[in-house]
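Reviewing the structure listed below.
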Amino acid sequence: MYEGMIISYEVRPLLGIKTAWVTEITHIKDKKFFVDEQRIGPYRMWHHEHHIEKVANGVKMTDIVTYQPPFGLLGALTNKLVIRKKLQQIFDYRRQALTQQFTSQHRAARTKPGLPS
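Each residue of the sequence shown is one higher than the one before, counting from 59 in my numbering.
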């Protein structure tokens with residue numbers, strides 16, 4: 059990953075309608091945080107900070123997301139009724155997937171048989 063890196067996705071933010079989403083990695087501080095910002099996509103504005111902090115038993119990841127939905131008042135209403143909840147579900151899923159992946163990797167590393175001397 060590097061500053062200026064462009065990442066292209068296809069997302070289905072509402073009603074299953076496929077939408078292009080292009081983000082750029084705008085800031086990186088090694089082992090501390092990185093930021094992606096939308097260049098093309100479903101939001102009027104998207105700024106996502108990924109903070110990474112070493113803690114006693116592993117790593118803590120904190121997301122700070124600032125966004126504005128499109129379409130003025132209609133977008134604000136849609137945000138209140140749908141978008142905010144959908145984003146929460148996405149981040150909840152990611153947290154569960156990361157926890158499961160790293161917990162199982164940690165467990166596998168602890169139980170991996172050693173080589174004989």
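Ideal Cβ placement from N, Cα and C applies to all residues, glycine included.
C-alpha of Leu139 to C-alpha of Tyr60: approximately 36 Å in a straight line.
For Ala134, the enclosing alpha helix (DSSP H) starts and ends at 130-136. Scanning its chain for C-beta atoms nearer than 7 Å, with the 5 sequence neighbours on each side dropped, one finds around Ile110 the residues Lys89, Lys90, Phe91, Val117, Met119, in chain order.
Pro71 and Leu145 have their alpha carbons spaced roughly 9 Å apart. Per DSSP, Ile98 is one residue of the beta strand (DSSP E) stretching across 91-98. Residue state for Ala155 is assigned as helix, using DSSP reduced to three classes.
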